[in-house]
Amino acid sequence: MKKARTTGFKFEQALARVEQIVERMESGEIELDQALSLYREGTELMAKCQAALQEVQRSITTLTRDSQGRLKLDASETEE
Amino acid sequence: MIEDNKQLILTVSQLTADIKRILERGIPRSWVRGEVSNLTLHSSGHIYFTLKDAATQVRCVMFRSSAQHLLVLPQAGMQVIVQGDVTVFERAGQYQLNVGQLQVAGQGELAQAFERLKKKLADEGLFDEARKRPLPRFPKAIGIVTSPTGAAIRDIINVARRRWPGIELVLSPVQVQGLGAARQIADAIAAFNEHGAVDLMIVGRGGGSIEDLWAFNEEVTARAIFGSRIPVVSAVGHEVDYTIADFVADLRAPTPSAAAEICLPDAREVAAQLDDSRARLANALVGLAEGYGQRLRSLRKSYGMGRLADLCGRKQQQLDWLADRMTRQSRAYLADRRHAVERLGSALTALDPDNVLRRGYSICRDAAGKTITRAKSLKTGDPVTAQFAQGRAAMNVNKVMP
Numbered sequence: 001m002k003k004a005r006t007t008g009f010k011f012e013q014a015l016a017r018v019e020q021i022v023e024r025m026e027s028g029e030i031e032l033d034q035a036l037s038l039y040r041e042g043t044e045l046m047a048k049c050q051a052a053l054q055e056v057q058r059s060i061t062t063l064t065r066d067s068q069g070r071l072k073l074d075a076s077e078t079e080e
Numbered sequence: 081m082i083e084d085n086k087q088l089i090l091t092v093s094q095l096t097a098d099i100k101r102i103l104e105r106g107i108p109r110s111w112v113r114g115e116v117s118n119l120t121l122h123s124s125g126h127i128y129f130t131l132k133d134a135a136t137q138v139r140c141v142m143f144r145s146s147a148q149h150l151l152v153l154p155q156a157g158m159q160v161i162v163q164g165d166v167t168v169f170e171r172a173g174q175y176q177l178n179v180g181q182l183q184v185a186g187q188g189e190l191a192q193a194f195e196r197l198k199k200k201l202a203d204e205g206l207f208d209e210a211r212k213r214p215l216p217r218f219p220k221a222i223g224i225v226t227s228p229t230g231a232a233i234r235d236i237i238n239v240a241r242r243r244w245p246g247i248e249l250v251l252s253p254v255q256v257q258g259l260g261a262a263r264q265i266a267d268a269i270a271a272f273n274e275h276g277a278v279d280l281m282i283v284g285r286g287g288g289s290i291e292d293l294w295a296f297n298e299e300v301t302a303r304a305i306f307g308s309r310i311p312v313v314s315a316v317g318h319e320v321d322y323t324i325a326d327f328v329a330d331l332r333a334p335t336p337s338a339a340a341e342i343c344l345p346d347a348r349e350v351a352a353q354l355d356d357s358r359a360r361l362a363n364a365l366v367g368l369a370e371g372y373g374q375r376l377r378s379l380r381k382s383y384g385m386g387r388l389a390d391l392c393g394r395k396q397q398q399l400d401w402l403a404d405r406m407t408r409q410s411r412a413y414l415a416d417r418r419h420a421v422e423r424l425g426s427a428l429t430a431l432d433p434d435n436v437l438r439r440g441y442s443i444c445r446d447a448a449g450k451t452i453t454r455a456k457s458l459k460t461g462d463p464v465t466a467q468f469a470q471g472r473a474a475m476n477v478n479k480v481m482p
């Protein structure tokens with residue numbers, strides 16, 4: 001199982017921010033230098049979103065209790 | 081007297097053995113219909129209850145080996161049909177029905193139990209729309225409470241992987257039918273909440289009879305879903321199957337596959353949306369730049385700008401004029417000065433004594449070298465020197481004529 005996740009990156013928030021940036025830019029009521037920095041921010045976020053979309057497939061894990069009743073996550077063989 | 085017929089006197093055990101033999105051999109395995117009462121679930125897994133009708137009753141036991149196959153736990157008051165053998169429990173001197181199979185008598189009974197629980201939970205507010213939580217639009221990890229071997233888990237994995245390849249799926253394997261299934265489902269839901277590994281849950285199973293799905297109609301399952309901090313999507317059976325779990329869940333999916341579809345956005349759609357956003361962003365930037373260009377051009381052409389240009393032109397003109405004037409003036413001044421210098425030069429030339437001498441005049445000086453300008457200052461015989469343009473001559477005064 002690939003553990004390394006893009007820490008701190010929230011896909012939903014990123015996408016919402018991109019939407020917001022696009023709308024803001026499309027409104028036209030914005031200063032050019034601000035537009036440039038928004039454009040940069042937007043393209044960076046989109047690249048991250050794209051990367052998240054292409055994240056590799058993980059194997060399924062199972063949540064079970066051990067004999068002491070503690071919860072544990074295990075990679076499972078359920079997936080063929 | 082009685083003592084004499086010793087062969088006729090039985091022990092309790094002998095009698096009981098006779099009863100047992102007669103009852104157990106004489107009554108074939110039978111199906112019996114009746115109403116359940118005095119139901120006890122023993123920790124051993126055995127179930128004890130009484131089956132009765134209007135006039136009579138019979139004690140029943142269902143041992144764990146049979147009870148564990150039960151789909152629906154009978155409830156007091158429920159009409160059931162059981163199949164069993166009459167046995168004698170010697171120690172208590174009681175006969176009982178050793179139940180091998182138990183069915184709720186007709187769909188009506190289950191429907192009633194369903195409606196009773198539905199009403200009870202509805203009254204308690206477990207189905208209130210207001211308490212249903214929105215599902216995360218992009219869940220990071222989904223917990224699945226279902227059987228590890230059923231069709232449901234395969235369907236969910238397939239659809240989830242297709243829609244969002246990177247999704248983390250965590251299975252909590254449970255039994256989805258039979259006695260104890262509801263408890264396992266409830267525990268699994270609680271475990272996900274305790275562990276916190278997922279931000280969304282799918283609870284369900286594939287299709288089956290109403291009895292097969294019964295674990296999802298039990299109160300313990302409903303309360304676990306209600307108590308979950310993590311949003312729950314129910315996915316029980318087929319499209320037509322409605323269970324209590326469906327009413328409590330934050331969202332009901334008609335099937336397990338549909339649950340995976342509801343829980344996850346399609347990565348291809350999102351990618352297309354991203355492409356669209358990218359294009360819109362670029363267009364917006366270009367449009368914005370064009371807009372500014374336009375504004376710049378129109379500003380340049382504006383009256384105010386024109387005025388400024390005019391002003392600049394006028395100032396330029398004034399400047400040119402001043403420059404011209406200055407050049408002209410300075411040129412005239414220089415010429416004037418030059419003339420003055422020339423004039424002075426000629427005046428100076430005119431005053432040069434040498435020039436006078438060249439015209440034939442001469443300067444006469446006395447013995448001391450002083451220029452003589454009056455004859456009166458001389459006496460006869462005084463030596464004087466006359467200077468000419470070239471050379472000098474010494475002479476003496478002959479006569480003074482003042």
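Here the protein sequences line up with chains A and B, keeping their order.
Take the first sequence: its letter number 71 is residue 71 in the numbering used here, and every next letter is one higher.
Quick note: to get the numbering used here, add 80 to the position in the second sequence (first position is 1).
Yeah, the Cβ is synthetic: ideal placement off N, Cα and C, and Gly gets one too.
Would you mind giving the Cβ-Cβ distance between residue i and residue j, rounded to the nearest angstrom? I have them listed as a contact below 8 angstroms.
i	j	result
B/T323	B/L293	6 angstroms
B/A359	A/L73	Not quite, the Cβ-Cβ distance comes to about 41 angstroms (not below 8 angstroms), so this is no contact.
B/M295	B/I265	The question names Met, but residue 295 of chain B in the sequence shown is Ala. Sure, about 6 angstroms apart at Cβ, within 8 angstroms.
B/V312	B/I305	5 angstroms
B/G223	B/H149	Contact flag wrong, Cβ pair sits at about 28 angstroms.
A/Q50	B/L354	6 angstroms
B/T335	B/H318	6 angstroms
B/T226	B/R285	5 angstroms
B/V168	B/K100	4 angstroms
B/L177	B/L131	7 angstroms
B/I342	B/A333	5 angstroms
B/V250	A/T61	5 angstroms
Going by CA-CA distance only, name the one from the options that's closest to residue i.
i	options	result
B/N297	B/I310, B/V283, B/S308	B/V283
B/I290	B/I452, B/R387, B/S337, B/A191	B/A191
B/V320	B/R303, B/G288, B/R309, B/L331	B/G288
B/A185	B/Q467, B/W111, B/T460	B/W111
B/A202	B/K450, B/P463, B/A325, B/A362	B/A325
B/R309	B/T460, B/A271, B/I452	B/A271
B/V162	B/A302, B/V116, B/L280	B/V116
A/S59	B/D356, B/T229, B/A221, B/I443	B/A221
B/R114	B/L103, B/S93, B/Q137	The question names Arg, but residue 114 of chain B is Gly in the sequence shown. Nearest C-alpha to B/G114: B/Q137.
B/D346	B/T460, B/Q181, B/R217, B/A420	B/R217
B/A466	B/A448, B/M481, B/P482	B/A448
B/H122	B/R303, B/G260, B/R411	B/G260
B/R348	B/Q374, B/R241, B/L428	B/R241
B/V480	B/G373, B/A473, B/A469, B/K456	B/K456
B/P482	B/L458, B/V464, B/A474	B/L458
B/K199	B/E299, B/R213, B/P253	B/E299
B/N363	A/G69, A/A47, A/T62, A/S27	A/S27
B/L280	B/W401, B/L331, B/P253, B/L414	B/L331
B/C444	B/G367, B/L428, B/L414, B/M475	B/M475
A/L32	B/G371, B/A469, B/R394	B/G371
B/A338	B/Q87, B/D356, B/R234	B/R234
B/I236	B/S314, B/L197, B/P154	B/S314
Just to make sure I have the definition right: I need the residues of chain D whose C-beta is within less than 8 angstroms of the C-beta of residue i. Which are they?
i	result
A/R65	Of the chains in the structure shown, none is chain D; the protein chains are A and B.
Q. What residues in the stretch 348 to 360 of chain B bring their beta carbon closer than 7 angstroms to a beta carbon of chain A?
A. Of all residues in the stretch 348 to 360 of chain B, only V350, A351, L354, S357, R358, R360 place a beta-carbon less than 7 angstroms from a beta-carbon of chain A.
(Q) Whether or not the stretch 241 to 260 of chain B and the stretch 51 to 70 of chain A are in contact is what I'm after, with contact meaning three or more pairs of Cβ atoms, one per stretch, closer than 8 angstroms; do they touch? (A) Yes: at least three Cβ pairs fall under 8 angstroms.
Q. Curious, which full-length beta strand (DSSP E) runs of at least 3 residues does the stretch 115 to 179 of chain B contain?
A. Listed in chain order, the complete beta strand (DSSP E) runs (minimum 3 residues) inside the stretch 115 to 179 of chain B are 127 to 132, 137 to 142, 159 to 169.
Q: With 7 angstroms as the C-beta to C-beta threshold (strictly closer), list the residues of the stretch 238 to 249 of chain B near chain A in chain order.
A: Answer in chain order: R241, P245, G246, E248, L249.
Q) Is there contact between the stretch 37 to 48 of chain A and the stretch 15 to 23 of chain A, where contact requires at least three CB pairs shorter than 8 angstroms? A) Judged by pairs of C-beta atoms under 8 angstroms, the stretch 37 to 48 of chain A touches the stretch 15 to 23 of chain A, as three or more such pairs exist.
(Q) Any C-beta of chain A within less than 7 angstroms: which residues of the stretch 272 to 295 of chain B qualify? (A) From the stretch 272 to 295 of chain B, only F272, E274, H275, A277 have a Cβ closer than 7 angstroms to chain A.
(Q) So within the stretch 373 to 456 of chain B, which uninterrupted alpha helix (DSSP H) runs reach at least 4 residues, ignoring any that extend past its ends? (A) Segments of the alpha helix (DSSP H) lying fully in the stretch 373 to 456 of chain B: 383 to 431, 433 to 438.
Q: Identify each residue in the stretch 20 to 53 of chain A for which the Cβ-Cβ distance to at least one residue of chain B is less than 8 angstroms, and report them in chain order.
A: Within the stretch 20 to 53 of chain A, the residues whose Cβ lies closer than 8 angstroms to some Cβ of chain B are I21, V22, M25, E26, G28, I30, L32, A35, L36, Y39, G42, T43, M46, C49, Q50, A52, L53, listed in chain order.
Q) Which ranges does the beta strand (DSSP E) cover as unbroken runs of at least 3 residues, wholly within the stretch 297 to 353 of chain B, from first to last along the chain? A) Listed in chain order, the beta strand (DSSP E) runs fully inside the stretch 297 to 353 of chain B are 312 to 316, 331 to 333, counting runs of at least 3 residues.
Q) Which residues, in order along the stretch 195 to 217 of chain B, keep a beta-carbon less than 9 angstroms from a beta-carbon of chain A? A) The stretch 195 to 217 of chain B vs chain A, Cβ under 9 angstroms: P216, R217.
Q: Decide yes or no for the touch test of the stretch 425 to 444 of chain B against the stretch 391 to 409 of chain B: beta carbon pairs closer than 8 angstroms, at least 3 of them.
A: In short, these stretches do not touch, since the Cβ pair count stays below three.
Q. According to a CB-to-CB cut-off of less than 9 angstroms, which residues of the stretch 250 to 266 of chain B neighbour chain A?
A. Within the stretch 250 to 266 of chain B, the qualifying residues are V250, L251, S252, P253.
Q | Members of the stretch 139 to 160 of chain B that neighbour chain A once the beta carbon cut-off is set at 9 angstroms | A | Interface annotation for the stretch 139 to 160 of chain B against chain A: empty, criterion Cβ-Cβ distance under 9 angstroms.
Q.
To be precise: take each residue of the stretch 368 to 392 of chain B, compare its Cβ to all Cβ atoms of chain A, and keep it if any distance is under 9 angstroms. Which residues remain?
A. Look at the stretch 368 to 392 of chain B: the residues with a C-beta under 9 angstroms from a C-beta of chain A are L368, A369, G371, Y372.
(Q) Count Cβ pairs between the stretch 444 to 462 of chain B and the stretch 415 to 428 of chain B that sit closer than 8 angstroms; are there 3 or more? (A) In short, these stretches do not touch, since the Cβ pair count stays below three.
Q. Between the stretch 316 to 346 of chain B and chain A, which residues of the former have CB atoms less than 8 angstroms from a CB of the latter, in chain order?
A. For the stretch 316 to 346 of chain B, which is checked against every Cβ of chain A, not one residue is closer than 8 angstroms.
Q. Counting only runs that start and end within the stretch 50 to 76 of chain A, where is the beta strand (DSSP E) found for 3 or more residues in a row?
A. Counting only runs of 3 or more, we get 61 to 65, 71 to 75.
(Q) Could you tell me which whole beta strand (DSSP E) segments of length 3 or greater appear in the stretch 237 to 278 of chain B? (A) Within the stretch 237 to 278 of chain B, the complete beta strand (DSSP E) runs of at least 3 residues are 248 to 253.
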